[in-house]
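Engineer: Quick one: this structure, given as structure tokens, is what I'll be asking you about.
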Amino acid sequence: MSDQPERLPPGIANAIDYERLAPQVLPQGHHAYIAGGSGDDVTLRANRAAFGRWAIVPRLLRDVRGGHSRLTLGGMALAHPFLLAPVAHGRLAHPQAERATARAAQATGTCLVASTLTSTTLEEIAASAGPSRCFQLYLQENRIHTLDLLRRAETAGYHAIVLTLDAHLQLPSRSALASGFVMPRECIAANLASYPQSSVPAPALDAGESRIFQGAMRHAPTWDDLRWLMQSTRLPVWAKGVAHPDDARRLQDAGAAGLIVSNHGGRGLDGSPATLATLPGVRAAVGPGYPVLMDGGVRSGTDAFKALALGADAVLVGRLQLYALAAAGALGVAHMIQLLTEELHATMAQAGCATLADITPDHLTAALPC
Ligand SMILES: Cc1cc2nc3c(=O)[nH]c(=O)nc-3n(C[C@H](O)[C@H](O)[C@H](O)COP(=O)(O)O)c2cc1C
Numbered sequence: 015m016s017d018q019p020e021r022l023p024p025g026i027a028n029a030i031d032y033e034r035l036a037p038q039v040l041p042q043g044h045h046a047y048i049a050g051g052s053g054d055d056v057t058l059r060a061n062r063a064a065f066g067r068w069a070i071v072p073r074l075l076r077d078v079r080g081g082h083s084r085l086t087l088g089g090m091a092l093a094h095p096f097l098l099a100p101v102a103h104g105r106l107a108h109p110q111a112e113r114a115t116a117r118a119a120q121a122t123g124t125c126l127v128a129s130t131l132t133s134t135t136l137e138e139i140a141a142s143a144g145p146s147r148c149f150q151l152y153l154q155e156n157r158i159h160t161l162d163l164l165r166r167a168e169t170a171g172y173h174a175i176v177l178t179l180d181a182h183l184q185l186p187s188r189s190a191l192a193s194g195f196v197m198p199r200e201c202i203a204a205n206l207a208s209y210p211q212s213s214v215p216a217p218a219l220d221a222g223e224s225r226i227f228q229g230a231m232r233h234a235p236t237w238d239d240l241r242w243l244m245q246s247t248r249l250p251v252w253a254k255g256v257a258h259p260d261d262a263r264r265l266q267d268a269g270a271a272g273l274i275v276s277n278h279g280g281r282g283l284d285g286s287p288a289t290l291a292t293l294p295g296v297r298a299a300v301g302p303g304y305p306v307l308m309d310g311g312v313r314s315g316t317d318a319f320k321a322l323a324l325g326a327d328a329v330l331v332g333r334l335q336l337y338a339l340a341a342a343g344a345l346g347v348a349h350m351i352q353l354l355t356e357e358l359h360a361t362m363a364q365a366g367c368a369t370l371a372d373i374t375p376d377h378l379t380a381a382l383p384c
């Protein structure tokens, strides 16, 4: 977590090694906050465990010499199917925060999805991030602020709005609470700093009112808000946080440009299913050819291969991005993306897949319990 010149840390052979290194490069509380899910971390663990339930079947004698992992997603030409997930407060991981992540995205041709809650403004991120970038939006309590964020994202040349719908209520992870973590004062949400009302305390509840229904959820987005948002921007709107096939179909019918199957990396409803488990139902609901991404627990090229085989067009990486950023700044993030891409290429080659389109459910079989 230093501002020193960037050098790759020793002993990183695979992308997941950045996760192993994280406790050594992050202060304990910062690590607990980033690594944790919510509640008892049931969904956090489920996300990872789901990948272990599938094995990849090698295929023989296929000519993969023309192989590549290129794809087109929402009009963006990408060299590989790894996107940088929106993550808040990059300053927790590195003093250069999202400026470093943006440089890594540009160097590796990776699509960066910049969070509403970054430590760096969306304009500064756009200046470094390369052509493929999206803006993740949390609807603001005051629609004027939401409209301003939309205008700023349009002006700064973002390709799409990624509307996060599953995180209005987030209960902290017990392990993060036990660490005593408190958000440092310097970790401000730079995009919201000029909206004074965003820090106005919530009004007091009347007797008998619920802290959740009438409290935390009073400004949670609804289908009406989604319609309003889509009418308020010329940018395509993706929906992030999808788990149920009915929601997927309704979002598709409502005009969403694509979906992200996600449970916020296990930081939303604790006890909700693993994203790899809900992905096939969502894909079946919206049919082939409609963009579906997933995230949650992706730590390797083989994980990505399994997600693609089960219906995803691409995957997003959250925590690995912050761990690599903490370990080696922009260089670390670029290295992590390069490792993931090489791991995916190796898996594709061994499974006899020359392109992403060749990756189908037939390449997977149930893994036997060890
Ligand atoms: C520290 C942290 C901050 C996050 N901040 C946001 C955010 O601001 N907006 C958002 O849509 N998702 C956010 N997420 C969720 C990620 O976009 C993504 O869904 C999740 O990290 C994927 O799981 P993974 O970390 O196992 O890769 C955050 C996740 C973490 C770990």
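Sequential numbering from 15 applies to the sequence shown in my numbering. Note that the Cβ used here is the ideal one computed from N, Cα and C, for glycine as well.
Please classify GLY301: is it buried, with 16 or more other beta-carbons within 10 angstroms of its beta-carbon, or exposed?
Structural biologist: Along the sequence shown, read from residue 1 onward, the residue named residue 301 stands at position 287. It counts as exposed.
Engineer: Any heavy atom of ligand 1 within a distance shorter than 8 angstroms of the CB on SER286?
Structural biologist: Numbered from its first residue, the sequence shown carries residue 286 at position 272. Incorrect: SER286 has no Cβ contact closer than 8 angstroms to ligand 1.
Engineer: Per DSSP, which residues does CYS148 bridge with? Please list them.
Structural biologist: For the purposes of this step, residue 148 is identified with residue 134 of the sequence shown, where counting begins at 1. VAL127.
Engineer: Any contact between the stretch 325-332 and the stretch 92-102? By contact I mean 3 or more CB pairs, one from each, below 8 angstroms.
Structural biologist: The stretch 325-332 is in contact with the stretch 92-102.
Engineer: Apart from the five residues on each side of it in sequence, which residues of its chain come closer than 8 angstroms, Cβ to Cβ, to LEU378?
Structural biologist: Residue numbering aside, residue 378 sits at position 364 when the sequence shown is read from its first letter. If we look at LEU378 and ignore the five residues flanking it on each side, its Cβ neighbours are TRP68, ALA69, ILE70, VAL71, LYS320, ALA323 and LEU324.
Engineer: Taking only heavy atoms of ligand 1 into account, decide whether any of them is closer than 8 angstroms to the Cβ of ARG281.
Structural biologist: Along the sequence shown, read from residue 1 onward, the residue named residue 281 stands at position 267. The answer is yes for ARG281.
Engineer: For a test of the three-state rule: what should DSSP assign to PHE195, helix, strand or coil?
Structural biologist: On the sequence shown, position 181 is the one that residue 195 refers to. In this structure, PHE195 counts as coil in the three-state DSSP scheme.
Engineer: Taking 6 angstroms as the limit between beta carbons, can you name the residues of its chain near PRO375, skipping five residues before and five after?
Structural biologist: Within the sequence shown, residue 375 is the residue found at index 361, counting from 1. Cβ neighbours of PRO375 beyond the five flanking positions: ALA323.
Engineer: Distance check for LEU177 and ILE274, CA to CA, integer angstroms please.
Structural biologist: Working through the sequence shown from its first residue, we reach residue 274 at position 260. Working through the sequence shown from its first residue, we reach residue 177 at position 163. Approximately 10 angstroms between the Cα atoms of the pair.
Engineer: Classify ASP284 as buried or exposed, calling it buried when 16 or more other Cβ atoms lie within 10 Å of its own Cβ.
Structural biologist: As a first step, residue 284 is located in the sequence shown; it is residue number 270 there, counting from the start. Classification of ASP284: buried, given that the 10 Å Cβ count is 16 or more.
Engineer: How about ARG76 and CYS367: are their beta carbons less than 9 angstroms apart?
Structural biologist: Position 62 of the sequence shown holds residue 76. Position 353 of the sequence shown holds residue 367. Yes; because the gap between Cβ atoms is below 9 angstroms, this pair is in contact.
Engineer: How about GLY280 and ARG117: are their beta carbons less than 9 angstroms apart?
Structural biologist: Residue mapping note: residue 280 aligns to position 266 of the sequence shown, counting from 1. Residue mapping note: residue 117 aligns to position 103 of the sequence shown, counting from 1. No, the pair does not count as a contact, with Cβ atoms beyond the cut-off.
Engineer: Taking 6 angstroms as the limit between beta carbons, can you name the residues of its chain near ASP180, skipping five residues before and five after?
Structural biologist: On the sequence shown, position 166 is the one that residue 180 refers to. Result list for ASP180: GLY255, HIS278 and GLY282, in chain order.
Engineer: Going by other Cβ atoms of all chains shown within 10 Å of its Cβ, with 16 needed for buried, is LEU191 buried or exposed?
Structural biologist: In the sequence shown, the residue the question calls residue 191 occupies position 177. With fewer than 16 other Cβ atoms within 10 Å, it is exposed.
Engineer: Excluding the 5 residues flanking HIS182 on each side, which residues of the same chain have their C-beta closer than 6 angstroms to its C-beta?
Structural biologist: One-based indexing of the sequence shown puts residue 182 at position 168. Counting only Cβ-Cβ distances below 6 angstroms, and skipping sequence neighbours, we find ALA234.
Engineer: Are HIS173 and GLY343 close, meaning C-beta to C-beta below 9 angstroms?
Structural biologist: Position 159 of the sequence shown holds residue 173. Position 329 of the sequence shown holds residue 343. Not in contact: HIS173 and GLY343 (Cβ atoms no closer than 9 angstroms).
Engineer: Measure the alpha-carbon distance for ARG147 versus ARG313 and round it to whole angstroms.
Structural biologist: Mapped onto the sequence shown, residue 147 falls at position 133. Mapped onto the sequence shown, residue 313 falls at position 299. Each residue's alpha carbon lies about 22 angstroms from the other.
Engineer: By alpha-carbon positions, which one of ALA141, ALA363 and ALA128 ends up nearest to LEU163?
Structural biologist: Numbered from 1 along the sequence shown, position 149 holds the residue referred to as residue 163. Nearest of ALA141, ALA363 and ALA128 to LEU163, Cα basis: ALA128.
Engineer: Write down the C-beta distance between ALA204 and THR132 rounded to the nearest angstrom, noting that I regard them as a contact closer than 8 angstroms.
Structural biologist: For the purposes of this step, residue 204 is identified with residue 190 of the sequence shown, where counting begins at 1. For the purposes of this step, residue 132 is identified with residue 118 of the sequence shown, where counting begins at 1. Yes, they are in contact, since the Cβ atoms of ALA204 and THR132 sit about 6 angstroms apart, within 8 angstroms.
Engineer: On the three-state DSSP scale, how would you describe ILE158?
Structural biologist: If you number the sequence shown from 1, residue 158 lands on position 144. Reduced to three states, the DSSP call for ILE158 is helix.
Engineer: Does DSSP put ILE202 in a helix, in a strand, or in coil?
Structural biologist: Counted from its first residue, the sequence shown places residue 202 at position 188. Coil at ILE202, not helix or strand.
Engineer: Would you mind reading off the limits of the alpha helix (DSSP H) that contains ILE7?
Structural biologist: Beyond the ends of the chain as shown, which are 15 and 384, falls residue 7; an answer cannot be given.
Engineer: Give me, in chain order, the residues of the same chain whose beta-carbon lies closer than 8 angstroms to that of HIS359; leave out the 5 immediate sequence neighbours on both sides.
Structural biologist: The residue you call residue 359 lines up with position 345 of the sequence shown. Closer than 8 angstroms at Cβ, skipping near neighbours: GLY81, SER83 and GLY315.
Engineer: Does ligand 1 have even one heavy atom less than 8 angstroms from the beta-carbon of LEU126?
Structural biologist: In the sequence shown, counting from the first residue as 1, residue 126 sits at position 112. No, ligand 1 has no heavy atom inside 8 angstroms of this Cβ.
Engineer: So does PRO109 have its beta carbon nearer than 8 angstroms to some heavy atom of ligand 1?
Structural biologist: Taking the sequence shown and counting its residues from 1, one reaches residue 109 at position 95. No - ligand 1 has no heavy atom lying nearer than 8 angstroms to the Cβ of PRO109.
Engineer: Check whether the stretch 330-340 and the stretch 50-59 touch, using three or more Cβ-Cβ pairs below 8 angstroms as the test.
Structural biologist: Judged by Cβ distances under 8 angstroms, the stretch 330-340 makes no contact with the stretch 50-59, as fewer than three pairs qualify.
Engineer: Give the range of the beta strand (DSSP E) segment to which VAL256 is assigned.
Structural biologist: Translated into positions along the sequence shown, residue 256 becomes position 242. 251-256 is the span of the beta strand (DSSP E), which, as asked, contains VAL256.
Engineer: With a Cβ-Cβ cutoff of 9 angstroms, do GLN120 and ALA93 count as a contact?
Structural biologist: For the purposes of this step, residue 120 is identified with residue 106 of the sequence shown, where counting begins at 1. For the purposes of this step, residue 93 is identified with residue 79 of the sequence shown, where counting begins at 1. Result no, Cβ atoms of GLN120 and ALA93 do not sit closer than 9 angstroms.
Engineer: Taking 6 angstroms as the limit between beta carbons, can you name the residues of its chain near GLY123, skipping five residues before and five after?
Structural biologist: As a first step, residue 123 must be located in the sequence shown, where it is residue number 109. Excluding sequence neighbours, GLY123 sits near ALA93.
Engineer: How would you write the range of the alpha helix (DSSP H) that GLY53 sits in, first residue to last?
Structural biologist: Along the sequence shown, one-based indexing puts residue 53 at 39. Run containing GLY53: none; DSSP gives neither H nor E here.
Engineer: Using DSSP with H/G/I as helix, E/B as strand and the rest coil, what is ASP309?
Structural biologist: Translated into positions along the sequence shown, residue 309 becomes position 295. Reduced to three states, the DSSP call for ASP309 is strand.
Engineer: Taking its Cβ as the centre, do 16 or more other Cβ atoms sit within 10 Å of ARG34, making it buried, or is it exposed?
Structural biologist: Counting from 1 along the sequence shown, the entry for residue 34 is found at position 20. Under this definition ARG34 is an exposed residue.
Engineer: DSSP puts MET231 in a beta bridge; with which residues?
Structural biologist: Counting from 1 along the sequence shown, the entry for residue 231 is found at position 217. According to DSSP, which records beta bridges pairwise, MET231 is partnered with nothing at all.
Engineer: Cα-Cα, which of SER193, GLN110 and TYR209 is closest to ILE158?
Structural biologist: Along the sequence shown, one-based indexing puts residue 158 at 144. Checked all of SER193, GLN110 and TYR209; the closest Cα to ILE158 is TYR209.
Engineer: Measure the CB-CB distance between LEU161 and PHE149 and report whether it falls below 9 angstroms.
Structural biologist: Counting from one through the sequence shown, the residue named residue 161 turns up at place 147. Counting from one through the sequence shown, the residue named residue 149 turns up at place 135. Not a contact, by the Cβ cut-off of 9 angstroms.
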